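A short write-up of the structure that comes next.
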Amino acid sequence: MTDLIPNQRHLFDIPDEVAYLNCATMGPMPLAALEAGRAGLAKKAQPWQISTADFFKDTSSLRPKLARLINAEADTIAFVPSVSYATATAAQNIALEAGQSILIMADQFPSNVYVWRDLAARTGATLKTVDEPTGNMSLSDAMLEAIGPETGLVACSHVRWTDGMKLDLEAISDKCRSVGAALVLDLTQSCGAMAFDASRVRPDFMVAAGYKWMLGPYSAGFMYVAKHRQSGRPLEHNWITRKGSTDFTQLTQYTDEYGPGAQRFDMGERSNFALLPALEVAVDLLLDWGVARIEHTLGAANRKLADQLAEIGMPCPDEDGRGAHYLGAKLPKGAPPDLTEQLTARHIHVSRRGNTLRITPHLYNTQDDADRLIAALKQAI
Ligand SMILES: Cc1ncc(COP(=O)(O)O)c(C=O)c1O
Numbered sequence: 014m015t016d017l018i019p020n021q022r023h024l025f026d027i028p029d030e031v032a033y034l035n036c037a038t039m040g041p042m043p044l045a046a047l048e049a050g051r052a053g054l055a056k057k058a059q060p061w062q063i064s065t066a067d068f069f070k071d072t073s074s075l076r077p078k079l080a081r082l083i084n085a086e087a088d089t090i091a092f093v094p095s096v097s098y099a100t101a102t103a104a105q106n107i108a109l110e111a112g113q114s115i116l117i118m119a120d121q122f123p124s125n126v127y128v129w130r131d132l133a134a135r136t137g138a139t140l141k142t143v144d145e146p147t148g149n150m151s152l153s154d155a156m157l158e159a160i161g162p163e164t165g166l167v168a169c170s171h172v173r174w175t176d177g178m179k180l181d182l183e184a185i186s187d188k189c190r191s192v193g194a195a196l197v198l199d200l201t202q203s204c205g206a207m208a209f210d211a212s213r214v215r216p217d218f219m220v221a222a223g224y225k226w227m228l229g230p231y232s233a234g235f236m237y238v239a240k241h242r243q244s245g246r247p248l249e250h251n252w253i254t255r256k257g258s259t260d261f262t263q264l265t266q267y268t269d270e271y272g273p274g275a276q277r278f279d280m281g282e283r284s285n286f287a288l289l290p291a292l293e294v295a296v297d298l299l300l301d302w303g304v305a306r307i308e309h310t311l312g313a314a315n316r317k318l319a320d321q322l323a324e325i326g327m328p329c330p331d332e333d334g335r336g337a338h339y340l341g342a343k344l345p346k347g348a349p350p351d352l353t354e355q356l357t358a359r360h361i362h363v364s365r366r367g368n369t370l371r372i373t374p375h376l377y378n379t380q381d382d383a384d385r386l387i388a389a390l391k392q393a394i
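For the sequence shown, the positions run 14 to 394 when this note's numbering is used.
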């Protein structure tokens with residue numbers, strides 16, 4: 014397989030004493046991305062520095078790069094501020110009727126749940142949650158088994174946000190297609206750290222927030238829209254997505270035509286002069302490293318850490334069942350309710366979801382970070 018990426022902490026603003034193992038909550042932006050964001054924000058203090066071309070520059074250069082992250086074509090990409098924006102767009106464009114069902118998995122993230130509750134209430138479709146499987150069955154197999162002729166839509170992720178359990182999206186997509194169900198994916202907890210091939214999975218819609226594993230700023234994400242969905246109805250009706258919007262003198266020549274591809278779904282004020290340059294620097298880094306190499310490198314480090322965790326009675330799921338970049342360690346009975354606060358007091362940052370300690374390192378973490386976590390956990394539990 015590929016070689017490991019050397020440690021990249023020098024690219025980040027993370028002091029030696031901080032063990033930041035919480036990328037699943039918020040990825041730190043690289044210093045160069047911060048600089049690009051600052052420069053973009055500074056332009057707003059001198060607006061005469063912002064040209065008409067600047068409204069189009071960042072989105073034009075970023076769209077193909079985002080597409081490369083997921084092996085898609087540039088014209089399938091739209092800019093969105095959040096996952097909920099993208100799932101609302103998808104919900105507006107997927108026709109369901111009473112008798113059909115919407116399938117989600119247990120403990121799915123709320124921005125990929127409430128919208129389907131609402132769609133079910135509006136259409137008479139039934140929202141079905143695939144329960145936590147028992148015995149040897151995987152979450153992925155439980156999802157597959159639940160897809161049937163009445164399924165109109167499956168909405169899920171690549172890894173579950175609470176514990177990193179992985180889904181076989183190609184198999185799920187094949188089954189969806191065999192019963193005529195739409196597929197909506199939220200890849201916020203995997204995009205940038207886990208290989209995903211849109212040309213193989215072929216979802217109807219897919220979204221990733223940019224502020225976690227993509228190491229970008231908050232409120233700047235992207236949505237993939239399959240070609241056969243690109244004539245759909247956008248959530249909002251803004252000026253810049255319309256055909257001819259580059260000519261600011263002609264904007265009141267109102268038109269029903271849109272820019273090409275998925276552009277009609279771009280959010281209003283998509284040309285964010287601070288956030289997009291920051292996101293672009295972060296995406297450049299991801300593409301330089303290569304998503305498969307990131308996954309491989311994080312996987313190797315996490316394998317070691319999972320062994321250390323198992324030794325102190327906090328097992329993680331087997332590697333073939335979870336995302337390589339994502340550790341969800343089971344907490345022993347009697348773990349203190351304020352465990353994460355105790356760790357934070359020692360500058361060790363992880364997060365807790367129910368009975369699972371979510372430990373999500375990235376390329377800036379060192380063996381020392383891992384050792385400090387283990388030593389602190391030994392004392393606390
Ligand atoms: C799986 C997943 N999806 C989405 C989000 C964020 O959703 P939104 O962009 O709607 O705030 C998170 C944040 O933790 C998440 O873990």
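We put the beta carbon where it would ideally sit given N, CA and C, even for glycine.
As the structure is a computational prediction, the values presented were derived from the model and not from experiment.
Taking a 10 Å sphere around the C-beta of Asn149, we find fewer than 16 other C-beta atoms and assign the residue as exposed. Burial is judged here by how many other beta carbons sit within 10 angstroms of a residue's own beta carbon; His23 has fewer than 16 and is exposed. The segment 281-299 and the segment 321-328 do not touch, with fewer than three beta-carbon pairs separated by less than 8 Å.
In the DSSP assignment, Ile307 falls within the alpha helix (DSSP H) that extends over Val304 to Glu324. Here the alpha carbons of Gly40 and Leu340 stand approximately 15 Å from one another. Burial is judged here by how many other beta carbons sit within 10 angstroms of a residue's own beta carbon; His241 has fewer than 16 and is exposed. Nearest to Arg316 by alpha-carbon distance, out of Ala305, Gly326 and Pro330, is Pro330. If only uninterrupted beta strand (DSSP E) runs of at least 3 residues are considered, those enclosed by the segment 185-228 are 195-199 and 218-221.
Residue environment analysis places Thr268 among the exposed positions, since fewer than 16 neighbouring C-beta atoms fall within 10 angstroms of its C-beta. In this chain, the alpha helix (DSSP H) harbouring Thr72 covers Asp67 to Leu82. Within the DSSP secondary-structure output, Cys169 pairs in a beta bridge with Leu198. Taking C-beta atoms under 8 Å as the contact rule, Ala206 and His362 fail to qualify, at a distance of about 17 Å. Counting only residues of its own chain and dropping the five nearest sequence neighbours on each side, Tyr377 has a CB closer than 8 Å to the CB of Asn20, Gln21, Arg22, Leu24, Phe25, Ile27, Tyr33 and Pro41. Asp120 has its Cβ no nearer than 6 Å to any heavy atom of ligand 1.
Within the segment 106-172, complete beta strand (DSSP E) segments of at least 3 residues are found at 114-118, 139-143 and 164-170, given in chain order. If you compare the alpha carbons of Arg371, Arg366 and Ala287 with that of Ala49, the shortest gap goes to Ala287. Taking each of Ser232, Tyr231 and Pro247 in turn and checking the Cα distance to Val238, the smallest one comes out for Pro247. Comparing C-alpha distances from Leu370 to each of Arg359, Asp381 and Leu386 shows the shortest one belongs to Leu386.
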